[in-house]
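K.L.:
The structure's right below; bear with me while I get my questions together.
There are 2 protein chains.
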Amino acid sequence: MPNRLGPPLETPLFDRIALIGLGLIGSSIARAVRHRNLARTIVAIDRDDATLARVRELRIADEVTSDLAAGVRGADLVILCVPVGACETVAKTMKASLKAGAIVSDVGSVKASVIAQVQPHLPDGVSFVPAHPVAGTEYSGPDAGFATLFLKRWCILTPPEGTDEAAIERMRDFWSALGSDVEVMTAQHHDLVLAITSHVPHLIAYNIVGTAADLETVTQSEVIKFSAGGFRDFTRIAASDPTMWRDVFLHNKEAVLEMLARLNEDIALLARAIRWGEGDKLHDLFTRTRAIRRGIISQGQETPEPDFGRRREDP
Amino acid sequence: MPNRLGPPLETPLFDRIALIGLGLIGSSIARAVRHRNLARTIVAIDRDDATLARVRELRIADEVTSDLAAGVRGADLVILCVPVGACETVAKTMKASLKAGAIVSDVGSVKASVIAQVQPHLPDGVSFVPAHPVAGTEYSGPDAGFATLFLKRWCILTPPEGTDEAAIERMRDFWSALGSDVEVMTAQHHDLVLAITSHVPHLIAYNIVGTAADLETVTQSEVIKFSAGGFRDFTRIAASDPTMWRDVFLHNKEAVLEMLARLNEDIALLARAIRWGEGDKLHDLFTRTRAIRRGIISQGQETPEPDFGRRREDP
Chain A
21 MPNRLGPPLE
31 TPLFDRIALI
41 GLGLIGSSIA
51 RAVRHRNLAR
61 TIVAIDRDDA
71 TLARVRELRI
81 ADEVTSDLAA
91 GVRGADLVIL
101 CVPVGACETV
111 AKTMKASLKA
121 GAIVSDVGSV
131 KASVIAQVQP
141 HLPDGVSFVP
151 AHPVAGTEYS
161 GPDAGFATLF
171 LKRWCILTPP
181 EGTDEAAIER
191 MRDFWSALGS
201 DVEVMTAQHH
211 DLVLAITSHV
221 PHLIAYNIVG
231 TAADLETVTQ
241 SEVIKFSAGG
251 FRDFTRIAAS
261 DPTMWRDVFL
271 HNKEAVLEML
281 ARLNEDIALL
291 ARAIRWGEGD
301 KLHDLFTRTR
311 AIRRGIISQG
321 QETPEPDFGR
331 RREDP
Chain B
21 MPNRLGPPLE
31 TPLFDRIALI
41 GLGLIGSSIA
51 RAVRHRNLAR
61 TIVAIDRDDA
71 TLARVRELRI
81 ADEVTSDLAA
91 GVRGADLVIL
101 CVPVGACETV
111 AKTMKASLKA
121 GAIVSDVGSV
131 KASVIAQVQP
141 HLPDGVSFVP
151 AHPVAGTEYS
161 GPDAGFATLF
171 LKRWCILTPP
181 EGTDEAAIER
191 MRDFWSALGS
201 DVEVMTAQHH
211 DLVLAITSHV
221 PHLIAYNIVG
231 TAADLETVTQ
241 SEVIKFSAGG
251 FRDFTRIAAS
261 DPTMWRDVFL
271 HNKEAVLEML
281 ARLNEDIALL
291 ARAIRWGEGD
301 KLHDLFTRTR
311 AIRRGIISQG
321 QETPEPDFGR
331 RREDP
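Which chain is which? The protein sequence lines are A and B, in order.
In terms of the numbering used here, the first sequence has 271 at position 251, counting the first letter as 1, and numbering is strictly consecutive.
In terms of the numbering used here, the second sequence has 277 at position 257, counting the first letter as 1, and numbering is strictly consecutive.
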């Protein structure tokens, strides 16, 4: 995978790309599309006036509108970058304005639900290629985006059976041009994989931060002061966008609850090992988990810098 | 708090400091003591020959030995930097060699157990001032240490009742000189606070990484590939030293199990909210947890950089 996004294409992949929702992901796509010249025209659509004003100031789109139906008109690629719970409303509102032959895609962290929400509303001749770029930060909004957000990250496509192969290939080319590696799988498998690599970790992080804030025996001030012992790592993902994450859990209910149940079984075993002083069991687990970290680093999904490369001062 | 460690003292705080265990913490203390001239002589004691050889190469101590009794002789400060489960053996082995008036301290992540292990073996005239610098990385060994590890971090002292006040003050000065803020509390309260800010987060991280590795429905390769969705944050602390952490859990059993039970109650409530589609409850929690993150950043225990400041490439 390249170390940089690469130069602008001589011929754009698309004539007109409409982005619905200019938050962290939508605004990062806009920046990367602009940088690589992937579209002749970028249309930014958002229902929030403050966001639209900011997008104009940032000059990351060619056209800016709050009118969803007008915004998607004539676009040959429309990407939904909204919380997954909003997808059906968006699909219904825009369906009559979609151009024949257009590709509709999204960036949602849940895929089966998005397909169920969007697919029934799309007219014949429009292809739906659901996508999930596995990338992000804990910040939200158009200022949080940056062009290299997807560089060296995976983007998962989950086209429903029967999706036009040419449309899938165009989306593969699109995400490759944003610097991502692309993998195709079913929506059902995606939702299971992401439940364990993303959704349950977020849920656990939100939970542990909430529990710590509510203790009677330890003050919030103490939790904050002594957070460098490990707790602060959890606060990063527990600072992610509340609406986005509420929707993820509501729309990937079964897989999240299944993975959570599995996690709870393992926690019970671990608690038992602690209660009974079974040090070998603990040591074995703690040794095995190191190998996973090494795998993540060797596959380029993380750097080996200690403490996430948090800045060290000179002595 | 200063941005740097500060210049060497004109007059060292101690004549002879003996460090027992030259891993991440012990070797960081050695480097910081040298940098600030806190001791005329630094003695490095370790039972591992490879560690001792490396300490010699790194030139971070003035004397290097595997002989614990000989190493502590004449020291006016002796700091145990070993896994908490090893403290009693160390105390027994060194007790006859301790100098009258010496201060013994430690850096263990658990305090009540360390006091119970060490205190009974110390001769009259030797003060025990247990300490816990809340700082570290996921790496181990003498090469992992660095002089600024404790800068802007908290160090908690938990002197047993009746400890000589002058000895406590000297240890406060010592840790301040390493760049830390110092707080004094009881060992019992320390163990409760750290259970939630450090021990349970580590346990949960080890557990979630272990669970992910053992799933039948999702491959280990998929877990690694798609770890940027949140999972990889957990793998950092789940890569911490297995022996150190085994000992932490075995020696802070009650507080860890109590906090874990509390966490499990909260997880059950959250799972119920997901099952019943109670989006407002989820959104409320996810909003509250953001405030804790802001507190940690505003108190200087974390920087505001997105994604822990993981390196971004230029486009």
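The C-beta atom is built at its ideal place from N, Cα and C for all residues, glycine as well.
Bear in mind the structure is a predicted one, so any value in this text is a computation, not a measurement.
Please name the residue, chosen from A/ARG74, A/VAL98, A/ASP66 and A/VAL102, that lies closest to A/THR85 on a Cα-to-Cα basis.
P.N.:
Considering only alpha carbons, the answer is A/ASP66.
K.L.:
Indicate the three-state DSSP secondary structure (helix, strand or coil) for A/LEU212 in the structure shown.
P.N.:
Here A/LEU212 sits in helix by DSSP.
K.L.:
Given that B/ASP286 touches chain A, what residues does it touch there, using C-beta distances under 9 Å?
P.N.:
The answer, in chain order, is ASN227, ILE228, GLY230, THR231 and ASP234.
K.L.:
Spatial neighbours of B/MET21 within its chain, please: C-beta separation below 6 Å, excluding the five flanking residues on both sides.
P.N.:
Here the model assigns B/MET21 a pLDDT of 47, short of 50, so the residue's position is not dependable, and the following value carries that caveat. Once the five neighbours on either side are set aside, the close Cβ partners of B/MET21 are LYS172.
K.L.:
Do we get a CB-CB distance below 7 Å when we pair A/PHE251 with the residues of chain B?
P.N.:
Yes - at least one Cβ of chain B is within 7 Å of the one on A/PHE251.
K.L.:
Check B/CYS175 in the structure and name its three-state DSSP category.
P.N.:
Correct three-state label for B/CYS175: strand.
K.L.:
For B/PHE148, list the residues DSSP reports as bridge partners.
P.N.:
Answer is B/VAL124, bridged to B/PHE148.
K.L.:
Please list, in chain order, all residues of the same chain as B/GLY26 whose beta carbon is under 8 Å from its beta carbon, the five residues on each side excluded.
P.N.:
Cβ neighbours of B/GLY26 beyond the five flanking positions: ARG56, ALA197 and GLY199.
K.L.:
So with Cβ pairs under 7 Å, would you call A/MET21 a contact of chain B?
P.N.:
Any reading at A/MET21 needs caution, since the residue's pLDDT is 47, under 50, leaving its predicted position unreliable; the model's value is listed next. A/MET21 does not count as touching chain B.
K.L.:
Under 7 Å Cβ-Cβ, which residues of chain B neighbour A/LEU212?
P.N.:
What A/LEU212 touches in chain B: THR237 and VAL238.
K.L.:
Report all residues from its chain with a CB closer than 6 Å to the CB of A/GLN137; omit the five preceding and five following residues, and keep chain order.
P.N.:
Cβ within range, chain order: CYS107 and GLU108.
K.L.:
Find out if the Cβ-Cβ distance for the pair A/GLU233, A/GLN240 is shorter than 7 Å.
P.N.:
It should be noted that the sequence gives Ala, not Glu, for residue 233 of chain A. Yes, the pair counts as a contact, with Cβ atoms nearer than the cut-off.
K.L.:
In the DSSP output, what is B/ALA155 paired with across the bridge?
P.N.:
DSSP, once it has assigned bridges, lists no residue as partnering B/ALA155.
K.L.:
Quick check on the DSSP output: what are the complete alpha helix (DSSP H) runs of length 4 or more inside the segment 201-255 of chain B, in order along the chain?
P.N.:
Qualifying alpha helix (DSSP H) stretches, in chain order: 207-214, 220-234 and 240-245.
K.L.:
Starting from B/THR61 and walking both ways along the beta strand (DSSP E), at which residues does that stretch end?
P.N.:
It spans 59-65 - the beta strand (DSSP E) in which B/THR61 sits, taken as one unbroken run.
K.L.:
Pull out every residue of the segment 297-328 of chain B whose Cβ sits closer than 7 Å to any Cβ of chain A, in chain order.
P.N.:
Per Cβ criterion, the list reads GLY297, GLY299, LEU302, HIS303, LEU305, PHE306, THR307, ARG308, THR309, ARG310, ILE312, ARG313, GLY315, ILE316, GLN319, GLN321, GLU322, THR323, PRO326, ASP327 and PHE328.
K.L.:
Would A/MET191 pass as a contact of A/VAL149 if the rule is Cβ separation under 7 Å?
P.N.:
Going by C-beta atoms, A/MET191 is nearer than 7 Å to A/VAL149.
K.L.:
Spatial neighbours of A/ALA258 within its chain, please: C-beta separation below 7 Å, excluding the five flanking residues on both sides.
P.N.:
So the list reads ALA225, TYR226 and VAL229, once near-sequence residues are dropped.
K.L.:
Put B/ARG36 into one of helix, strand or coil per three-state DSSP.
P.N.:
B/ARG36 falls in the strand class under three-state DSSP.
K.L.:
Assuming B/ARG54 contacts B/ILE80 (C-beta within less than 8 Å), just tell me the rounded distance between them.
P.N.:
With 8 Å as the limit, B/ARG54 and B/ILE80 qualify as a contact, their Cβ atoms being about 6 Å apart.
K.L.:
To be precise: take each residue of the segment 78-106 of chain B, compare its Cβ to all Cβ atoms of chain A, and keep it if any distance is under 7 Å. Which residues remain?
P.N.:
Those residues of the segment 78-106 of chain B that come within reach of chain A (Cβ to Cβ, closer than 7 Å) do not exist; the list is empty.
K.L.:
Please classify A/SER47: is it buried, with 16 or more other beta-carbons within 10 angstroms of its beta-carbon, or exposed?
P.N.:
When all chains shown are included, A/SER47 counts as buried.
K.L.:
Apply the 10 Å Cβ neighbour rule to A/ASP35 and answer buried if 16 or more other Cβ atoms are within range, or exposed otherwise.
P.N.:
Answer is exposed; the Cβ neighbour count stays below 16.
K.L.:
With DSSP run on the structure shown, which of helix, strand or coil describes A/GLY185?
P.N.:
Here residue 185 of chain A turns out to be Glu, not Gly, going by the sequence shown. In this structure, A/GLU185 counts as helix in the three-state DSSP scheme.
K.L.:
Using the beta-carbon of each residue, which ones in chain A are nearer than 8 Å to B/LEU198?
P.N.:
Within chain A, no residue comes near B/LEU198; the closest Cβ sits about 10 Å away, beyond 8 Å.
K.L.:
So, with DSSP's three-state summary, where would you put B/THR85?
P.N.:
Strand, per DSSP.
K.L.:
Shorter than 7 Å from the beta carbon of A/GLU274 to some beta carbon of chain B?
P.N.:
Answer no: the Cβ-Cβ gap between A/GLU274 and chain B never drops below 7 Å.
K.L.:
So which of B/ILE45, B/ILE287 and B/VAL102 has the shortest CA-CA distance to A/MET279?
P.N.:
Measuring from the Cα of A/MET279, the nearest candidate turns out to be B/ILE287.
K.L.:
Helix or strand or just coil, what does DSSP make of A/VAL98?
P.N.:
If DSSP states are grouped into helix, strand and coil, A/VAL98 belongs with the strands.
K.L.:
The alpha helix (DSSP H) with A/GLN321 in it runs from where to where?
P.N.:
Where A/GLN321 is concerned, there is no enclosing alpha helix (DSSP H), given that its DSSP letter is neither H nor E.
K.L.:
Buried or exposed: A/GLY295, going by 16 or more other Cβ atoms within 10 Å of its Cβ?
P.N.:
In the sequence as displayed, the identity of residue 295 of chain A is Arg instead of Gly. By the 10 Å Cβ count, A/ARG295 comes out exposed.
K.L.:
Looking at C-alpha atoms only, which residue of B/ASP304, B/PRO262 and B/ASP334 is the closest neighbour of A/THR307?
P.N.:
Measuring from the Cα of A/THR307, the nearest candidate turns out to be B/PRO262.
K.L.:
Apart from the five residues just before and just after B/PRO179, which ones in its own chain have a Cβ nearer than 6 Å to its Cβ?
P.N.:
So the list reads VAL149 and ILE188, once near-sequence residues are dropped.
K.L.:
To the nearest angstrom, report how far apart B/ALA70 and B/VAL102 are at their CA atoms.
P.N.:
Spanning the two alpha carbons is a distance of roughly 16 Å.
K.L.:
Which residues of chain A have a Cβ atom closer than 8 Å to the Cβ of B/ALA244, listed in chain order?
P.N.:
According to the sequence displayed, residue 244 of chain B carries Ile and not Ala. In chain order: ILE312, GLY315, ILE316, GLN319 and GLN321.
K.L.:
Taking 7 Å as the cut-off, decide whether the C-beta atoms of B/LEU270 and A/GLY320 are in contact.
P.N.:
Not closer than 7 Å, so no.
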